[in-house]
Amino acid sequence: MQRKQSEPFLSRYLHTKGRAKGLPIAGNFELTARCNFDCPMCYVHLKQEDVEARGRELTTEQWIGLAREARDAGMVFVLLTGGEPFVRKDFFEIYGAMKKMGLLVSINSNGSMLTGEIRQKLIEDPPFRVNVSLYGGCPETYRSMCGQDAFNRVVENIRCLKEAGIDVRINLSITGYNRQDMEKIWQISQELGVHVKAASYMFPSIRVNDEQFGQGDRLCPEDAAACAVRWDRLRFAPEEFAARARAMQALTAAESSDCPTELESGVRCRAGSTSFWMTWDGRMLPCGMMTWPVTRPLDVSFGEAWKQLRQKTAEIKSAPGCVNCPKKDVCSVCAASRVAETGSFEQVPEYICRYTDALIEKTWAAYQESEDEYHDH
Numbered sequence: 499m500q501r502k503q504s505e506p507f508l509s510r511y512l513h514t515k516g517r518a519k520g521l522p523i524a525g526n527f528e529l530t531a532r533c534n535f536d537c538p539m540c541y542v543h544l545k546q547e548d549v550e551a552r553g554r555e556l557t558t559e560q561w562i563g564l565a566r567e568a569r570d571a572g573m574v575f576v577l578l579t580g581g582e583p584f585v586r587k588d589f590f591e592i593y594g595a596m597k598k599m600g601l602l603v604s605i606n607s608n609g610s611m612l613t614g615e616i617r618q619k620l621i622e623d624p625p626f627r628v629n630v631s632l633y634g635g636c637p638e639t640y641r642s643m644c645g646q647d648a649f650n651r652v653v654e655n656i657r658c659l660k661e662a663g664i665d666v667r668i669n670l671s672i673t674g675y676n677r678q679d680m681e682k683i684w685q686i687s688q689e690l691g692v693h694v695k696a697a698s699y700m701f702p703s704i705r706v707n708d709e710q711f712g713q714g715d716r717l718c719p720e721d722a723a724a725c726a727v728r729w730d731r732l733r734f735a736p737e738e739f740a741a742r743a744r745a746m747q748a749l750t751a752a753e754s755s756d757c758p759t760e761l762e763s764g765v766r767c768r769a770g771s772t773s774f775w776m777t778w779d780g781r782m783l784p785c786g787m788m789t790w791p792v793t794r795p796l797d798v799s800f801g802e803a804w805k806q807l808r809q810k811t812a813e814i815k816s817a818p819g820c821v822n823c824p825k826k827d828v829c830s831v832c833a834a835s836r837v838a839e840t841g842s843f844e845q846v847p848e849y850i851c852r853y854t855d856a857l858i859e860k861t862w863a864a865y866q867e868s869e870d871e872y873h874d875h
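If you use this note's numbering, the sequence shown corresponds to residues 499 to 875, in order.
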């Protein structure tokens, strides 16, 4: 049985100290918007001609320079992501420079290019972690979702990295293209001994669809919630799932307050507080799912851009309806999802409300079903 992965104490400690001191402890460096896959729900992927029309990827020297400035400002952890970061021919020049700076470097990848020389270089100079997206449990699903026949290659690459002693995690985006493979993917993760971080909520891709808020190739809220419950039943032992169901009921038992509530801070996570996101074309965002607030460290300096970003992020307020909602301790809504769904940080996103209602209802129904089965036996 796979257990929930808890964050290492060092990371929690550094982020706590960083929040108090205003330090950028963790950075996400989106090296490119290009990818050799073409997944329909991607929030960043652009074809080459679109990349050229929208801007210019930062150079090797610019990425290394930003990393050095961020390190000097307090950054300890850096995630190299994309697109697919390995499509950049200078990936290992950037990676190696950051490793020499003493940074803890992780990598997001679709896993298809982790062969040959690329794999050998990672084995010789291991990253802090490699997060591989596993998009399906069979070749047919990969062809349907990614446009590539890469399933067997990706699974084998995960296996090889794991056997080489590299910390590998699987990221799973659950969509209408691959939900039928959830149990297969779970079984693969168990055979490989690799933790899976799964999500059935897909953000609207406002960064690439010209801010069409609430739009995206994804499941309806009720189907997405049903997939989340299916996944929970796989990853939790029966007694853990039962405790989760009872806790949801307890958390949502209170009545909504009619008292007016002042808008509270809309960003409760680390985005814009101790972490930041650098886009492929040089914009600094609190989170990769947002388009605002934005600063430009190449136009000023990293330190000044980080200061501006923290100030602007602190001004974001939450939606009154979310603050007063009795289901807020179950709901996964955040500032990024509110703005991606509605175009405003202060509006209640209907999609997520429906998702949360369905999650509570379907979790409780699954719990009761399991209790009935237990008593029948």
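Think of the CB as a built atom: it goes at the ideal place given N, C-alpha and C, for glycine as much as any other residue.
Please classify residue i as buried or exposed, where buried requires at least 16 neighbouring CB atoms within 10 angstroms.
i: D647; result: exposed
i: E582; result: buried
i: L508; result: exposed
i: D679; result: buried
i: S755; result: With a pLDDT of only 48 at S755, under the threshold of 50, the placement of this residue in the model should not be trusted, and no figure is reported.
i: N650; result: exposed
i: Y511; result: exposed
i: A565; result: buried
i: G663; result: exposed
i: E555; result: buried
i: W778; result: buried
i: W790; result: exposed
i: R532; result: buried
i: A595; result: buried
i: C644; result: buried
i: T557; result: exposed
Could you give the DSSP three-state label for residue i: helix, strand or coil?
i: E528; result: strand
i: N669; result: strand
i: V652; result: helix
i: A817; result: coil
i: I605; result: strand
i: N629; result: strand
i: F701; result: coil
i: A769; result: strand
i: M782; result: strand
i: M599; result: coil
i: L564; result: helix
i: E825; result: Glu is not the amino acid found at residue 825; the sequence shown has Lys there. In the structure shown, K825 sits in coil (DSSP, three-state: anything other than H, G, I, E or B).
i: K695; result: strand
i: M788; result: coil
i: F575; result: strand
i: D797; result: coil
i: P506; result: coil
i: F843; result: coil
i: R776; result: The identity of residue 776 in the sequence shown is Met, whereas the question assumes Arg. M776: strand per DSSP, three-state reduction.
i: I523; result: coil
i: C832; result: coil
i: M746; result: helix
i: M539; result: coil
i: S642; result: helix
i: M611; result: coil
Let me make sure I understand the geometry here. Which of the options has the alpha-carbon closest to that of residue i?
i: E591; options: F535, R651, N606 and L529; result: L529
i: G819; options: I850, Q806, A812 and L807; result: I850
i: K660; options: L512, A531 and L612; result: L612
i: L521; options: S868, G770 and C785; result: G770
i: F800; options: D730, W775 and L632; result: W775
i: L632; options: C537, L796 and R617; result: C537
i: I885; options: T579, Q618 and T772; result: There is no way to answer for residue 885, as the model of the chain reaches only from 499 to 875.
i: K912; options: R641, P702 and G572; result: Given a span of 499 to 875 for the chain in the structure shown, any question on residue 912 remains unanswerable.
i: L783; options: T854, Q806 and G645; result: Q806
i: E720; options: D797, I621 and T854; result: T854
i: F739; options: R781, S868 and V603; result: S868
Are residue i and residue j close, meaning C-beta to C-beta below 8 Å?
i: P847; j: E839; result: yes
i: I814; j: A833; result: yes
i: T750; j: V828; result: yes
i: V630; j: V652; result: yes
i: V692; j: I672; result: no
i: F734; j: R728; result: no
i: L544; j: A726; result: no
i: N526; j: G786; result: yes
i: A722; j: Y699; result: yes
i: R768; j: H513; result: yes
i: R569; j: M539; result: no
i: Q845; j: R852; result: no
i: R744; j: A864; result: no
i: G841; j: F701; result: no
Assuming residue i contacts residue j under a Cβ cut-off of 8 Å, what Cβ separation, rounded to an integer in Å, is found between them?
i: S892; j: F626; result: There is no way to answer for residue 892, as the model of the chain reaches only from 499 to 875.
i: V542; j: R716; result: The pair is not a contact, with the Cβ atoms about 16 Å apart (cut-off 8 Å).
i: W862; j: Q685; result: That pair is no contact at about 27 Å.
i: S610; j: N534; result: 6 Å
i: L601; j: V576; result: 5 Å
i: K682; j: C636; result: 7 Å
i: T793; j: R517; result: At roughly 19 Å, the Cβ-Cβ gap does not stay under 8 Å, so T793 and R517 are not in contact.
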